[in-house]
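Under the working numbering, residue 292 is the last one in the sequence shown; the count climbs by one each step, no gaps.
Quick notes on the structure that follows.
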Amino acid sequence: MPTATPSSDVTATGVARPGGSGRIAGHTVSRVGYGAMQLERLHGDRGAAVALLRRAIELGVDHIDTAQFYGDGFVNQLIRDAIRPEDGVVVVTKVGAAPDPDGPLPLRAAQRPEELRAGVEDNLRSLGLDQLPVVNLRRLDIGPGLEAEGDQVVDLDDQLAVMTAMRDEGKIGAIGLSSVTADGLRRAIPAGIVCVQNAYSLVTRDDQDLVKLCAEEGIAWVPFFPLGGSFPQLPKVTEEPAVHDAATSLGCTPSQLGLAWLLRHAPNVLLIPGTADPSHLEANVAAGAITLDDATLATLDAVPSRSVDLRL
């Protein structure tokens, strides 16, 4: 007789959550979520972008990560069009940067308290929400990407003051941190941090102590660049021979194995792999069903972590 799926592992629409269920800001969500940044690539095909988001919901994804500065509001507007209240999706957004299409990077720092407040208002408006469930404060303590200079060098306490004020006002449900050091997180924990987003993967595990600290404090660990790559200085999980060997043995792709390792590595891990391709979306979601035996896990755990300078 088949075993029923626990209610906590089923979305509001009755679909099994890929990777099982995790917690963020008091919400139960799929451990395999979706990072929406790459939807910018579908700027010329809005229908395909909306269809991709709807497909994610059909596959059991109910945790979506976004930001107003993704496509200068384009991605948030897609989410507003595609996601319905009855889908029960937790939308997590972020502040701390702003679009800069003519700059050396497509973003500029926006770290001052008044810029953080403006970023929250922009996210509320473009997503069509009265409250943002979780807002990540994108610090510039570590890379990759933007560096703070001049008046963009802002003390964390000053930033947390405006973030907690907006939480008290009801504009924010909960506060997360991104690109933060362990010392920064320790300073911020009394403010009620619910998640941390840092670059982290099987082959870049410099933040292992931070992963452990988050687990101890009940804070979700949401790694970006979960397969490395993207920036030249980041090694790629898919180029590791041990990963290829294990993937072949298990009948999955190296990318799927890298995601499965993260899910097994720590119970507080929530994944937000991004893609603009429906087949890649389905492959990422399928990684949540991969089981790693102790021998395979030991082999992957033995892969050396490469310390990298995340600054450009």
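C-beta: ideal position from N, C-alpha, C; glycine also.
Fair warning: this is a prediction, and the values are worked out from it, not measured in the lab.
Kindly identify the DSSP beta-bridge partner or partners of residue i.
i: F204; result: A179
i: N248; result: According to DSSP, which records beta bridges pairwise, N248 is partnered with nothing at all.
i: D110; result: BP columns for D110 are empty, so no partner.
i: V160; result: In DSSP, V160 forms no bridge with anything.
i: D25; result: The partner list for D25 (beta bridge, DSSP) is empty, contrary to what the question assumes.
Measure the beta-carbon distance from residue i to residue j and round it to whole angstroms, keeping in mind my assumption that it falls under 8 Å.
i: V(-10); j: G(-1); result: Going by Cβ atoms, the distance from V(-10) to G(-1) rounds to 13 Å, so no, they are not a contact pair.
i: L85; j: A256; result: About 20 Å separates the two Cβ atoms, so there is no contact after all.
i: V114; j: V72; result: 4 Å
i: S158; j: R119; result: 7 Å
i: G40; j: R3; result: The Cβ separation is near 16 Å, so there is no contact.
How is residue i classed by DSSP in three states: helix, strand or coil?
i: D80; result: coil
i: N56; result: helix
i: A128; result: coil
i: L85; result: coil
i: I63; result: coil
i: V191; result: helix
i: R3; result: strand
i: T46; result: coil
If you draw a straight line from the alpha carbon of residue i to that of residue j, how long is it in whole angstroms?
i: A282; j: V100; result: 42 Å
i: L182; j: E219; result: 11 Å
i: L140; j: A168; result: 8 Å
i: R35; j: D189; result: 36 Å
i: K192; j: S229; result: 30 Å
i: H43; j: D67; result: 11 Å
i: G172; j: A5; result: 9 Å
i: A267; j: D25; result: 27 Å
i: K216; j: I270; result: 20 Å
i: T161; j: V202; result: 14 Å
i: L243; j: V30; result: 27 Å
i: G208; j: L272; result: 20 Å
i: G(-6); j: S287; result: 42 Å
Within 7 Å of any Cβ in chain D, is that where the Cβ of residue i sits?
i: V75; result: Among the chains of the structure shown, chain D does not appear; only one protein chain is present.
Check: Between the segment 153 to 167 and the segment 247 to 266, are three or more C-beta pairs nearer than 8 Å?
Finding: no
Notebook entry, point to check: Is it true that the segment 124 to 136 meets the segment 98 to 115, where meeting means three or more beta-carbon pairs spaced less than 8 Å apart?
Noted result: no
Next item on the list: Check whether the segment 42 to 54 touches the segment 71 to 81, taking contact to mean three or more Cβ pairs, one atom from each stretch, closer than 8 Å.
Entry: yes
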